[in-house]
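Number of protein chains: 2
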Amino acid sequence: MNDKNRQIVLKRNPRGAFSPEDFEVRETAVPSPDEGEFLVRNIYLSLDPANRLWAAPTETYVAPVRTGEVMRGFTVSEVVESRHPDFRPGDLVQGMDGWQDYAVSNGVNHNGRGVVDTWKLDGVRAAGLPLTTGLSVLGTTGLAAYYGMLHVGQPRQGDTVLVSGAAGATGCVAGQIARIKGCRVVGTAGSEEKCRLARDEYRFDAMIDYKAEDMDTALAEHAPDGIDVYFDNVGGDTLDTALAHTAMGARVVICGAISQYTTAEQGIQGPANYAHLLFKRASMAGFIVLDHYPDLRGRMEADLIQWIKQDRLHYRDEVVDGLENAPEAVNRLYDGRNLGKLMVRIADEP
Amino acid sequence: MNDKNRQIVLKRNPRGAFSPEDFEVRETAVPSPDEGEFLVRNIYLSLDPANRLWAAPTETYVAPVRTGEVMRGFTVSEVVESRHPDFRPGDLVQGMDGWQDYAVSNGVNHNGRGVVDTWKLDGVRAAGLPLTTGLSVLGTTGLAAYYGMLHVGQPRQGDTVLVSGAAGATGCVAGQIARIKGCRVVGTAGSEEKCRLARDEYRFDAMIDYKAEDMDTALAEHAPDGIDVYFDNVGGDTLDTALAHTAMGARVVICGAISQYTTAEQGIQGPANYAHLLFKRASMAGFIVLDHYPDLRGRMEADLIQWIKQDRLHYRDEVVDGLENAPEAVNRLYDGRNLGKLMVRIADEP
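Which chain is which? The protein sequence lines are U and Z, in order. According to the working numbering, the first sequence is numbered sequentially starting from 35. According to the working numbering, the second sequence is numbered sequentially starting from 35.
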């Protein structure tokens, strides 16, 4: 164990895309757990679209990360010291232990509304899956896809489902779950490579390259009877065009709006076609999957593991080496460079 | 009975507000019912915000009224001749018999998705209420308020409910129903007179004059814990600001968007703050009350009549004389001049 703790701190609120200058590296002593706490060594750090929301100075669904604070992030970690009755050294856990080498935790991660407990990755290990899945398909990313698609979107067999950001870490899981439920699944992505990945690896029935095709024409072709469920990760023009193609009684699931996060300071693009909610007797709803962990996390994880085992659910993890590279790597989410769930390897697996 | 049938026909699709030149008057012979049909003499014609939507050339929730066709409208009428087994001369009915003196009907009014049957105003008469209520509080206007508030908005006792267009025919009913259900009800309207009417007559707990006050400041004052149910009749800035003030788990009910109907050709203002659906785990849904008439009209009418009898539900009917004045009068809806449910008296009550 090192005796130094590298921390990446938010130095200033970003304008537009993240810049490495928005962060600074700080070295502190490794903290010691008090009674009821444990010390973790972070192994993998999740980079998520929501990072940019958290780093803005405005309240969203969580309090913003303040300048001078360690940047917030989901982590897969090893417990190295414990004064907490439920955690022992050697336990592998998923928590929210931030952009740093070490963290002290009491096992409770506040998320603005309620709390999310640090959980042990026993399910991942028992299934023989890589630890990285604790941040990807079996982490918040995959669980958001599960909850949003099944509980909010409520797809029915035979429905036409549209997923934006279909090659992304959440979109690919959302689309595959809809397909498992007997839907015809159409996706959008921003390159031929991503479209091919979604078609070949995630088995989307049809893909639309929104940078190369006219979305309106493409939706008329691929969803001629309208969209029953739209799982939206991107917002902007894609959301707007999709609303105009909703079927009667459609459910629009707002999971994210990545196209808007880096331009929010210049104003968000509202969906001008929202009146289709009226015309189509449709609904549009947001959710935060963390709210549902106490009730549903175990059940959702078990289903996802089963589908992976049955080879019906594929995923892709993209690991960047080195905590020091997180400030640069996080921008891959917003400029469309990443393929799969983006994370940083902070330390070797035990 | 006259032997001429005056019809007001849509001559051209309006640009911006309705203009009297968008219509022309045509005189035809009074039609004769075939087997299975009946002839009605229209007494009252409902003028509704949706009229402007119907007169645009684009598909909304119903097919557009085509140029050269009689303008579509809800009516209260007397059956004057019948070859239909369920209707007899002298029956008073609510139907969709248009901007004209006489119409032949088979009792089934297509509304784009399903059908809405012409119904007899027996409930209105048995309750001793004016026939005009068949178009206002007991017509589509009041029923939309009922369905939208109770079935879509699902207010709970103690909720803070916001209603836009609170002095309007739908808004005033929506607000009073929320109050009956034990909510604290805040409204918006565009004049001091309307705000006073809503406070004094419809007993809103607080009113915001959106033309005189800053909406953001006023909502912070009147809904300090956030809005649990927002019943939106107006769209535009009011919807956008309200979204930023939603409480956790809020339900936003899209009943209409009157601020946008006359400017739709220049582009609709989408709600930039829709991301609050995500932040607040909220939902936004549209509905068309006509869909629910087969199952719920009788029950909804009975509740509304009971509340009127108990003096818990007030309404106001604004009647303009003369079918020929409909093209001018309809603009009162969009420029904010009307107070109460706007309708035209086409003929004297029997």
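Built from N, CA and C at the ideal position, the CB exists for glycine as well. All values derive from a computational prediction rather than experimental measurement.
>> Please tell me whether Tyr368 of chain U has its Cβ less than 9 Å away from any Cβ of chain Z.
In response: Here residue 368 of chain U refers to the residue found at position 334 of the first sequence. Chain Z contact via Cβ: absent.
> So what does DSSP say about Met334 of chain U, is it helix, strand or coil?
Replying inline: Translated into positions along the first sequence, residue 334 of chain U becomes position 300. The three-state secondary structure of Met334 of chain U, taken from DSSP, is helix.
> Are the segment 87 to 95 of chain U and the segment 108 to 126 of chain U touching by the rule of at least three beta carbon pairs closer than 8 Å?
Replying inline: The answer is no - the segment 108 to 126 of chain U does not touch the segment 87 to 95 of chain U, with fewer than three Cβ pairs under 8 Å.
> Leu196 of chain U to Ile288 of chain U, Cα distance in whole Å?
Replying inline: Mapped onto the first sequence, residue 196 of chain U falls at position 162. Mapped onto the first sequence, residue 288 of chain U falls at position 254. Straight-line Cα distance between these residues: approximately 12 Å.
> Given a threshold of 16 other Cβ atoms within 10 Å of its Cβ, counted over all protein chains shown, does Gly70 of chain Z qualify as buried or as exposed?
Replying inline: What you label residue 70 of chain Z is simply residue 36 of the second sequence in a count that begins at 1. So Gly70 of chain Z counts as exposed.
> If we cut at 9 Å on Cβ distances, does Phe72 of chain U have a partner in chain Z?
Replying inline: The sequence position of residue 72 of chain U within the first sequence is 38, counting from 1. Not a single CB atom of chain Z sits nearer than 9 Å to the CB of Phe72 of chain U.
>> Let's test the definition: count the other Cβ atoms within 10 Å of the Cβ of Gly148 of chain Z and tell me whether it reaches 16, buried, or not, exposed.
In response: For the purposes of this step, residue 148 of chain Z is identified with residue 114 of the second sequence, where counting begins at 1. Here Gly148 of chain Z scores only 47 on pLDDT, less than 50, and its place in the model should not be relied on; the value that follows carries that caveat. Counting Cβ neighbours within 10 Å, Gly148 of chain Z comes out exposed, since fewer than 16 surround it.
>> Going by DSSP in three states, Thr109 of chain U sits in which element: helix, strand or coil?
In response: Walking along the first sequence from the start, residue 109 of chain U turns up at place 75. Thr109 of chain U: strand per DSSP, three-state reduction.
>> Give me, in chain order, the residues of the same chain whose beta-carbon lies closer than 7 Å to that of Ala201 of chain Z; leave out the 5 immediate sequence neighbours on both sides.
In response: For this step, residue 201 of chain Z is matched to residue 167 along the second sequence. Ala223, Lys228, Leu231, Ala232, Leu373, listed in sequence order.
> In chain U, which residues lie less than 8 Å from Asp274 of chain Z when you measure between Cβ atoms?
Replying inline: Reading the second sequence from its first residue, position 240 is the one you call residue 274 of chain Z. Here the neighbours are Gly304.
> Using DSSP with H/G/I as helix, E/B as strand and the rest coil, what is Gly176 of chain U?
Replying inline: Stepping through the first sequence from its first residue, residue 176 of chain U is reached at position 142. In this structure, Gly176 of chain U counts as helix in the three-state DSSP scheme.
>> For the pair the segment 177 to 196 of chain Z and the segment 96 to 114 of chain Z, tell me if three or more CB-CB distances fall below 8 Å.
In response: Judged by Cβ distances under 8 Å, the segment 177 to 196 of chain Z makes no contact with the segment 96 to 114 of chain Z, as fewer than three pairs qualify.
> Just by C-beta distance, which residues in the segment 303 to 327 of chain Z are closer than 9 Å to chain U?
Replying inline: Cβ contacts with chain U come from Gln303, Gly304, Pro305, Ala306, Asn307, Tyr308, Ala309, His310, Leu311, Leu312, Phe313, Lys314, Arg315, Ala316, Ser317, Met318, Ala319, Gly320, Phe321, Ile322, Asp325.
> Where Tyr295 of chain Z and Leu165 of chain Z are concerned, what is the direct C-alpha to C-alpha distance, given to the nearest angstrom?
Replying inline: Stepping through the second sequence from its first residue, residue 295 of chain Z is reached at position 261. Stepping through the second sequence from its first residue, residue 165 of chain Z is reached at position 131. Those two C-alpha atoms are separated by around 29 Å.
>> In the DSSP assignment, the alpha helix (DSSP H) including Ser293 of chain U goes from what residue to what residue?
In response: Stepping through the first sequence from its first residue, residue 293 of chain U is reached at position 259. It spans 292 to 295 - the alpha helix (DSSP H) in which Ser293 of chain U sits, taken as one unbroken run.
> Just reading off the beta strand (DSSP E) that Arg285 of chain Z is part of, what are its end residues?
Replying inline: Position 251 of the second sequence, counted from the start, is the residue given in the question as residue 285 of chain Z. Element bounds for Arg285 of chain Z: 280 to 288.
>> So with CB distances below 9 Å, who are the chain U contacts of Gly301 of chain Z?
In response: Walking along the second sequence from the start, residue 301 of chain Z turns up at place 267. Near Gly301 of chain Z (Cβ distances below 9 Å), the residues of chain U are Ala306.
>> Below 8 Å, how does it come out for the segment 254 to 265 of chain Z and the segment 207 to 224 of chain Z: are there three or more Cβ pairs, yes or no?
In response: Segments in contact, yes.
>> Please return the same chain residues whose Cβ sits closer than 8 Å to the Cβ of Asp17 of chain U, not counting the five positions on each side in sequence.
In response: This structure cannot settle anything about residue 17 of chain U, because the visible part of chain U is limited to 35 through 384.
> What are the boundary residues of the alpha helix (DSSP H) that Met130 of chain Z is part of?
Replying inline: Position 96 of the second sequence, counted from the start, is the residue given in the question as residue 130 of chain Z. DSSP places Met130 of chain Z outside any alpha helix (DSSP H), giving it a letter other than H or E.
> Do you know whose CA, among U:Leu126, U:Gly199, U:Thr167, lies nearest Arg371 of chain U's CA?
Replying inline: Translated into the one-based positions of the first sequence, residue 371 of chain U becomes position 337. Checking every option, the nearest Cα to that of Arg371 of chain U belongs to U:Gly199.
>> Just to confirm the assignment, what range does the alpha helix (DSSP H) spanning Leu376 of chain U have?
In response: Here residue 376 of chain U corresponds to residue number 342 of the first sequence, with the count starting at 1. Careful: Leu376 of chain U lies outside any alpha helix (DSSP H), inside the beta strand (DSSP E) at 375 to 379.
>> Going by DSSP, what residue range makes up the beta strand (DSSP E) through Val43 of chain Z?
In response: In the second sequence, counting from the first residue as 1, residue 43 of chain Z sits at position 9. Membership of Val43 of chain Z in the beta strand (DSSP E) is indicated by the continuous run 38 to 44.
> Got a sec: which bits of the segment 270 to 297 of chain Z sit with their beta carbon under 8 Å from any beta carbon on chain U, in order along the chain?
Replying inline: Hits within the stretch, in order: Asp274, Met282, Ile288, Cys289, Gly290, Ala291, Gln294.
>> Using a Cβ-Cβ distance cut-off of 9 Å, determine whether Pro48 of chain U contacts chain Z.
In response: By 1-based counting over the first sequence, the position of residue 48 of chain U is 14. So no, Pro48 of chain U is outside the interface.
> Looking at the structure shown, is Thr101 of chain U part of a helix, part of a strand, or coil, going by DSSP?
Replying inline: The sequence position of residue 101 of chain U within the first sequence is 67, counting from 1. DSSP, read as helix, strand or coil, puts Thr101 of chain U in coil.
> Between Ile42 of chain Z and Leu357 of chain Z, which are expected to be in contact by the criterion C-beta below 8 Å, what is the C-beta distance as a whole number of angstroms?
Replying inline: Taking the second sequence and counting its residues from 1, one reaches residue 42 of chain Z at position 8. Taking the second sequence and counting its residues from 1, one reaches residue 357 of chain Z at position 323. Their Cβ separation, rounded to whole angstroms, is 7 Å, which keeps Ile42 of chain Z and Leu357 of chain Z in contact under 8 Å.
>> Using C-beta distances below 7 Å, list every residue in its chain close to Gly146 of chain U, excluding the 5 sequence neighbours before and after it, in chain order.
In response: As a first step, residue 146 of chain U must be located in the first sequence, where it is residue number 112. Unreliable positioning characterises Gly146 of chain U in this predicted model, as indicated by a pLDDT of 48, which lies under 50. The coordinate reading is nonetheless provided below. Excluding residues up to 5 positions away in sequence, Tyr95, Val96, Ala97 lie with their Cβ nearer than 7 Å to the Cβ of Gly146 of chain U in the same chain.
> When Cβ atoms are compared, which residues of the segment 84 to 113 of chain Z fall closer than 7 Å to chain U?
Replying inline: Listed in sequence order: Thr94, Tyr95.
> Are the Cβ atoms of Val138 of chain Z and Thr152 of chain Z separated by less than 9 Å?
Replying inline: For this step, residue 138 of chain Z is matched to residue 104 along the second sequence. For this step, residue 152 of chain Z is matched to residue 118 along the second sequence. Between Val138 of chain Z and Thr152 of chain Z, the C-beta gap is not smaller than 9 Å, which leaves the two residues out of contact.
>> One question on the structure: do Asp351 of chain Z and Thr167 of chain Z come within less than 9 Å of each other, judged by their Cβ atoms?
In response: Sequence index remark: in the second sequence, residue 351 of chain Z carries index 317 (1-based). Sequence index remark: in the second sequence, residue 167 of chain Z carries index 133 (1-based). Judged by their CB atoms, Asp351 of chain Z and Thr167 of chain Z are nearer to each other than the 9 Å cut-off.
>> Starting from Ile77 of chain U, trace the alpha helix (DSSP H) in both directions and tell me its first and last residue.
In response: Within the first sequence, numbered from 1, the residue matching residue 77 of chain U stands at position 43. Ile77 of chain U -> not in any alpha helix (DSSP H); beta strand (DSSP E) instead, spanning 72 to 80.
> Quick one, which of Z:Asn307, Z:Gln210, Z:Leu87 has its alpha-carbon nearest Glu299 of chain Z's?
Replying inline: Counting from one through the second sequence, the residue named residue 299 of chain Z turns up at place 265. Nearest option by C-alpha distance: Z:Leu87.
>> Starting from Thr391 of chain U, trace the beta strand (DSSP E) in both directions and tell me its first and last residue.
In response: The requested residue 391 of chain U does not occur in the structure, where chain U is confined to residues 35 to 384.
> If Asn267 of chain U and Gly205 of chain U are in contact, beta carbons under 8 Å, what's the gap, nearest whole angstrom?
Replying inline: As a working mapping, residue 267 of chain U is identified with position 233 in the first sequence. As a working mapping, residue 205 of chain U is identified with position 171 in the first sequence. Approximately 5 Å separates the beta-carbon atoms of Asn267 of chain U and Gly205 of chain U; this is inside 8 Å, confirming the contact.
> What is the C-beta distance between Phe321 of chain Z and Tyr181 of chain Z, in whole angstroms, given that I count them as a contact (C-beta under 8 Å)?
Replying inline: The count along the second sequence starts at 1 and reaches residue 321 of chain Z at position 287. The count along the second sequence starts at 1 and reaches residue 181 of chain Z at position 147. Contact holds; Cβ gap of about 6 Å.
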